[in-house]
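Colleague: First the structure, which I've put down as structure tokens, then a few questions once you've had a look.
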């Protein structure tokens, strides 16, 4: 099998499938970038979950996951599918011959599974460069996502729930309006906050209690 997932990533994928009552998701694309003792892996699953892990000297030092919106997922798939049949076809670099570089494995819908390696010193052809750019963007998107974004994705707020704020302090939910708009009152100041659904992860660090 082309795709060798770390145990942690695989467990997260299993959990993600269990949450929505689906089978274990399949890997759509994965890149394993390495340089010396540092390795960075970005994996996109067909349940729209993307996972980034960083290992240094064999130890995991960073892990973050993000479930992409349907439209966002389709944009990444479309961008990669447009060049999948040409990416990595020319000037292949045997991964065992380089000290740093990346291995890319593709299993896009409608395409046969494929894989290739490249070096950061290599001049990439246009198709490969476009695919790498899409992977770079996806990795950046996941890495910079708020840690609370995924946790809040399935949260169903209720009146009286206490949350910790990114700015410090806490607030309690006083009203849940249509389309997920929250009205919250800051505990210490009494300031009223109105937070749209798409901004929850920018305001709420974590849910505390009810």
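Numbering (the numbering used here), first residue to last: 114 to 323. All C-beta atoms, glycine included, are put in the ideal place defined by N, C-alpha and C. None of the values given here were measured: they were computed from a predicted structure.
In three-state DSSP terms, what is residue 304?
Modeller: Note: residue 304 maps to coil in three-state DSSP.
Colleague: Hey, how far is the Cα of residue 259 from the Cα of residue 237?
Modeller: So the two alpha carbons sit approximately 32 Å from each other.
Colleague: Please report the straight-line C-alpha distance between residue 234 and residue 247, rounded to a whole angstrom.
Modeller: Answer to the nearest angstrom: the Cα atoms are 19 Å apart.
Colleague: Applying the 10 Å Cβ sphere with the 16-neighbour rule, what's the burial state of residue 169?
Modeller: Exposed is the call here.
Colleague: Under a Cβ-count criterion, where at least 16 other Cβ atoms within 10 Å of its own Cβ denotes burial, should residue 303 be classed as buried or exposed?
Modeller: The residue is exposed, with fewer than 16 neighbouring Cβ atoms inside 10 Å.
Colleague: Among 269, 271 and 218, which residue has its Cα nearest to the Cα of residue 139?
Modeller: Checking every option, the nearest Cα to that of residue 139 belongs to 218.
Colleague: DSSP on residue 319, reduced to helix/strand/coil?
Modeller: Looking at residue 319 - three-state DSSP - the assignment turns out to be strand.
Colleague: Starting from residue 189, follow its DSSP beta bridges and name the residues at the other end.
Modeller: The partner list for residue 189 (beta bridge, DSSP) is empty, contrary to what the question assumes.
Colleague: Rounded to whole angstroms, what's the CA-CA distance from residue 196 to residue 232? Just pull it up for me.
Modeller: Approximately 19 Å between the Cα atoms of the pair.
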